[in-house]
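Here's the structure, in structure tokens; my notes come after.
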Amino acid sequence: MRWIIVSNRLPFSKFENGELKKSSGGLVTALSGVHTEAPMLWAGIAPDGMTPSLWAEQPDDIKKAYHPVFVNESDYEHYYNGISNDVFWPLFHYEGGRIKFDPVNWQSFMAVNRQIADAIAEISQPGDFIWVHDFHLFLVPQYLRERDLNVRIGFFLHIPFPSSELFRQLPVREELLKGVLGADLIGFHDYAYLRHFCNALLGVLDVDSNMLSLHWQNRNIRLGVFPVSIDVENFMQTAAGPVTEAFYQRYKANRHYSHLVLGVDRLDYSKGLILKLQMFKALLEQHPELQGQVSLLQIAIPTRQDVEEYQKLRAEFERLVGEINGAFSRPNYVPVQYMYSSVGFQELLALYQLADVMLVTSRRDGMNLVALEYIVSQKLDNPGMVVLSEFTGAASMLSSVLTINPWDAFGSAEKIYQALMMPLDERQLRNQAMQEFLKGYTATDWAASFMEELSEDVVSIERLQIEMKLLEPAFMDNFLSRITSPLLLFLDYDGTLVPIRSEPKLATLPESTRELLMKLTSLPHIEVVIISGRDLNFLREQFQGVPVSLAAEHGAKLYDHQRDESVSLIWTAIDAWYPSAERIMTDYSRRVPGSLVEHKEYSIAWHYRKSPAEFGRYQARKLKEELEVGLSNLPVSILSGDKVIEARAVEANKGYFIRNFLESYFSEHAQTAIMAIGDDVTDEDMMQVLPDGSFTIKVGKAQTWARYRLAEQSDVLTLLKTLSEHQWPNFEPEA
Ligand code: GDG
186 MRWIIVSNRL PFSKFENGEL KKSSGGLVTA LSGVHTEAPM LWAGIAPDGM
236 TPSLWAEQPD DIKKAYHPVF VNESDYEHYY NGISNDVFWP LFHYEGGRIK
286 FDPVNWQSFM AVNRQIADAI AEISQPGDFI WVHDFHLFLV PQYLRERDLN
336 VRIGFFLHIP FPSSELFRQL PVREELLKGV LGADLIGFHD YAYLRHFCNA
386 LLGVLDVDSN MLSLHWQNRN IRLGVFPVSI DVENFMQTAA GPVTEAFYQR
436 YKANRHYSHL VLGVDRLDYS KGLILKLQMF KALLEQHPEL QGQVSLLQIA
486 IPTRQDVEEY QKLRAEFERL VGEINGAFSR PNYVPVQYMY SSVGFQELLA
536 LYQLADVMLV TSRRDGMNLV ALEYIVSQKL DNPGMVVLSE FTGAASMLSS
586 VLTINPWDAF GSAEKIYQAL MMPLDERQLR NQAMQEFLKG YTATDWAASF
636 MEELSEDVVS IERLQIEMKL LEPAFMDNFL SRITSPLLLF LDYDGTLVPI
686 RSEPKLATLP ESTRELLMKL TSLPHIEVVI ISGRDLNFLR EQFQGVPVSL
736 AAEHGAKLYD HQRDESVSLI WTAIDAWYPS AERIMTDYSR RVPGSLVEHK
786 EYSIAWHYRK SPAEFGRYQA RKLKEELEVG LSNLPVSILS GDKVIEARAV
836 EANKGYFIRN FLESYFSEHA QTAIMAIGDD VTDEDMMQVL PDGSFTIKVG
886 KAQTWARYRL AEQSDVLTLL KTLSEHQWPN FEPEA
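Under my numbering, think of the first position of the sequence shown as 186, with each following residue one higher.
Written out as structure tokens, the structure reads:
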């Protein structure tokens with residue numbers, strides 16, 4: 186088993202003068218900090234200046250650890266700038282007005298994602314874990330899935346997932362979601378991002394999820410929140426090392442002011458650099474005593490310098506720096522120091538140590554690693570404080586920072602003031618708490634938790650695959666040989682005996698299935714009970730002439746074919762709750778378009794499959810609560826199923842029915858083997874109460890109490906056919 190990490194680029198900025206230059210950035214920092222025992226291979230687009238022949242000349246250790254994909258320049262431009270940076274980046278950072286969507290670019294985006302997936306398919310082996318990173322590669326999980334590689338696929342998003350209200354502006358919203366759903370596990374930094382993603386799934390694809398997992402195209406997909414971290418040990422060691430210390434001493438000696446506020450950001454609009462200057466100006470105005478005493482050092486790392494929008498941002502930023510410096514500078518004091526360049530690693534850490542306040546003002550930021558790095562680099566005898574925008578993922582993780590709403594310049598200025606004035610003991614307490622937390626949660630822990638969750642699933646999937654082999658001859662022979670007495674067979678109807686249809690009325694019993702049941706029930710030792718949520722009239726129509734008993738309305742009513750009589754198994758008062766439930770549901774059916782009420786004798790159901798997805802779900806929750814409160818203490822159960830809320834007599838429950846039925850059945854029949862087959866949640870009530878040793882069979886992949894599984898509805902017919910053709914031994918005649 187290997188880990189194959191896939192990101193847009195390999196972690197090298199370029200190949201120059203025979204040397205691979207390391208690149209920086211949040212994703213590279215996070216992934217470079219991951220240490221694993223399993224072999225790890227990093228795949229991504231080749232660095233600038235690299236060619237296939239130059240790659241062939243690279244040392245073996247490099248070739249073993251990295252796998253470059255060579256993409257043609259024009260495709261790359263459209264994929265990277267045209268879509269990733271001009272559509273996804275702004276939209277996902279709540280800058281909808283900046284989107285420039287061009288379908289031609291989208292073609293290239295698909296082509297490059299396809300090319301990367303193909304390259305991975307070529308090098309992957311069965312059993313590998315493929316971990317796809319970030320918004321450049323939204324479609325790679327789906328393309329990998331289509332290749333049927335027998336690998337596990339994870340996807341992690343490093344940027345925010347925006348509110349579904351914004352997301353649905355995206356012209357390729359369906360394609361994007363379907364692309365990501367190729368994964369087995371999808372991870373985000375923050376719970377809010379996950380929530381937005383689930384709302385988008387519901388609104389765009391009508392896929393429901395419970396925030397933990399969802400079903401899509403016959404697969405179970407897990408969802409999770411995995412806030413990223415950093416290589417804490419490396420930061421701490423380097424921060425304590427001599428090179429960092431030398432930088433630190435040098436800068437400290439030349440400092441002409443009492444307080445230093447530090448900013449380290451790419452010069453990107455998402456980082457809120459203009460807001461930062463505005464709040465710093467507000468600080469100097471609100472606290473004039475700080476003029477001459479506090480300086481802001483902003484390291485602005487150049488990014489996308491060729492793009493006009495970024496050039497404008499830089500010009501505006503520099504204009505504002507000039508304005509503030511013009512207004513507040515004094516001889517020997519510059520309020521805003523600004524560097525338009527990056528600095529070396531140790532120098533960066535020295536600046537972290539020198540600064541009294543780390544100021545992060547992102548308008549939106551997936552996580553923000555700079556805040557974490559600052560915390561672990563602090564000197565414990567005099568640590569500084571982080572002032573952090575609440576619109577970062579890090580704000581959910583770092584409990585002891587001071588958070589700000591960066592649009593509120595005055596409020597933010599006060600928070601900076603508070604941080605600057607914070608007593609030493611409080612700073613120490615806060616910093617220590619966060620350092621301790623981060624020591625126990627490093628980039629390796631982050632990756633391990635994601636990988637663990639990805640592999641946990643493997644165990645259950647492997648189990649599932651074994652269970653699914655039930656129909657293979659070797660498994661079947663063994664299965665049949667264990668049935669050593671006459672058989673009582675409980676069969677669910679919809680989804681088990683007949684396929685699910687869009688209109689319930691269309692799901693009638695096919696002639697071939699009727700014949701199969703005739704053959705099966707002609708065997709002297711097989712007795713069949715159909716157990717369904719349908720009403721008795723419907724079932725009697727379908728099974729006319731077939732010698733089977735019918736348990737209708739989840740067992741509320743039984744037609745006994747041997748006695749040719751129908752009995753109600755309900756003994757509690759229906760009238761006590763039915764009219765109220767009916768009134769409430771009718772009210773909802775008027776309010777919610779597309780919804781309707783279904784009346785049965787012992788139950789009443791409100792269906793909302795055809796209602797607007799989010800509104801329907803919301804109203805369903807409300808209805809359920811209203812029924813539960815309004816009908817509490819009455820003999821009724823309120824259940825929520827697949828796009829339906831149902832109120833049923835307490836006895837109308839497959840589990841309740843089975844218990845009662847078996848009690849009387851066993852009094853007449855001694856040795857009996859029991860088999861039960863069902864596909865949905867209501868069948869679980871039955872699976873749960875059947876005696877140990879019963880042959881319980883679940884159809885499909887959902888969670889179950891059953892011992893065996895069949896992949897799909899048609900497999901049930903295969904199994905019934907096998908049962909009907911099997912050479913059964915001569916069971917002892919019944920007593
Ligand atoms: C994306 C998401 C998410 C910066 N300047 C220098 C330098 N850096 C390093 C920092 C830090 C990294 O770059 C920046 O990381 P961030 O997390 O702050 O931001 P993005 O690059 O936008 O990252 C972000 C991240 O992915 C991880 O999931 O947190 O929200 O946008 O590591 O130290 N490093 C050096 N010199 C510099 O001048 N050596």
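Note that CB positions come from ideal geometry on N, CA and C, so glycine has one too. Here the structure is a predicted model, which means the values were calculated and not measured.
Exercise. Grab me the residues of residue 869's own chain with a C-beta within less than 7 Å of its C-beta, minus the 5 sequence neighbours each way, in chain order.
Key: 889 and 890
Self-check item: Contiguous beta strand (DSSP E) assignments of at least 3 residues, all confined to the segment 721-772
Solution: 734-737, 742-745 and 750-753
Quiz prompt | Assigned secondary structure, residue 669 (DSSP; H/G/I helix, E/B strand, else coil) | solution = coil
Exercise. Check whether the segment 435-454 touches the segment 401-414, taking contact to mean three or more Cβ pairs, one atom from each stretch, closer than 8 Å.
Key: no
Self-check item: Continuous beta strand (DSSP E) assignments of at least 3 residues falling wholly in the segment 302-379
Solution: 314-318, 337-341 and 370-373
Quiz item: So does residue 553 have its beta carbon nearer than 7 Å to some heavy atom of the ligand GDG?
Solution: yes
Self-check item: DSSP beta-bridge partners of residue 485
Solution: 450
Exercise. Report yes if the C-beta of residue 533 is less than 7 Å from at least one heavy atom of the ligand GDG; otherwise report no.
Key: yes
Quiz item: Between which two residues does the alpha helix (DSSP H) harbouring residue 703 extend?
Solution: 696-706
Practice problem: Return helix, strand or coil for residue 384, following the three-state DSSP convention. | Solution: helix
Practice problem: Round the Cβ separation of residue 887 and residue 831 to the nearest angstrom and send it over; I've been treating them as touching at under 8 Å. | Solution: Not really, about 18 Å apart at Cβ, beyond 8 Å.
Quiz item: For residue 524, is the classification buried or exposed, using 16 other Cβ atoms within 10 angstroms of its Cβ as the cut-off for buried?
Solution: exposed
Quiz item: Where do the ends of the alpha helix (DSSP H) carrying residue 559 lie?
Solution: 554-562
Quiz item: Among 490, 775 and 246, which one has its Cα closest to the Cα of residue 266?
Solution: 490
Practice problem: Please confirm whether residue 550 and residue 576 have their CB atoms less than 8 Å apart. | Solution: yes
Exercise. Figure out for me which residue from 199, 495, 371 and 380 has the closest Cα to the Cα of residue 270.
Key: 495
Practice problem: Ignoring anything shorter than 4 residues or poking outside the segment 396-472, list the alpha helix (DSSP H) runs there in chain order. | Solution: 417-425, 427-438 and 458-471
Self-check item: Secondary structure of residue 213, DSSP reduced to three states
Solution: helix
Practice problem: Return helix, strand or coil for residue 854, following the three-state DSSP convention. | Solution: coil
Quiz prompt | residue 223 burial status per 10 Å Cβ neighbour count (16 or more: buried) | solution = exposed
Exercise. Could you tell me whether the Cβ atoms of residue 859 and residue 842 are closer together than 8 Å?
Key: no
Quiz item: Going by the beta-carbon positions, is the gap between residue 862 and residue 677 smaller than 8 Å?
Solution: yes
Self-check item: Nearest-angstrom Cα separation, counted from residue 710 out to residue 919
Solution: Confidence is the limiting factor: at residue 919 the pLDDT is only 47, short of 50, which leaves the residue's position unreliable, though a coordinate-based value still follows. Cα to Cα, the separation comes out at about 9 Å.
Exercise. Starting from the C-beta of residue 769, find all residues in its chain whose C-beta is less than 8 Å away, skip the five residues before and the five after it, and write them out in chain order.
Key: 808, 811, 812 and 815
Practice problem: Classify residue 756 as buried or exposed, calling it buried when 16 or more other Cβ atoms lie within 10 Å of its own Cβ. | Solution: exposed
Practice problem: Between the Cα of residue 766 and those of 782, 777 and 753, spot the shortest distance and give me the residue it belongs to. | Solution: 782
Quiz item: If you count every other CB in all the chains shown that lies within 10 Å of the CB of residue 283, and 16 or more means buried, which is it?
Solution: exposed
Self-check item: residue 495 (DSSP reduced to helix, strand or coil)
Solution: helix
Quiz item: Is the distance from the Cβ of residue 572 to the Cβ of residue 589 below 8 Å?
Solution: yes
Practice problem: Find out if the Cβ-Cβ distance for the pair residue 366, residue 401 is shorter than 8 Å. | Solution: yes
Quiz item: Exposed or buried, residue 497, counting other C-beta atoms within 10 Å across all chains shown (16 or more means buried)?
Solution: exposed
Practice problem: Excluding the 5 residues preceding and the 5 following residue 821 in the sequence, name in chain order all residues of the same chain whose CB lies nearer than 6 Å to its CB. | Solution: 762 and 832
Quiz item: Ends of the alpha helix (DSSP H) at residue 801?
Solution: 798-815
Quiz item: How many angstroms separate the CA atom of residue 654 from the CA atom of residue 332?
Solution: 22 Å
Quiz item: If residue 794 sits next to residue 828, beta carbons under 8 Å apart, how far is it from one beta carbon to the other, in whole angstroms?
Solution: 4 Å
Quiz prompt | Alpha carbon of residue 652 to alpha carbon of residue 893, nearest angstrom | solution = 6 Å
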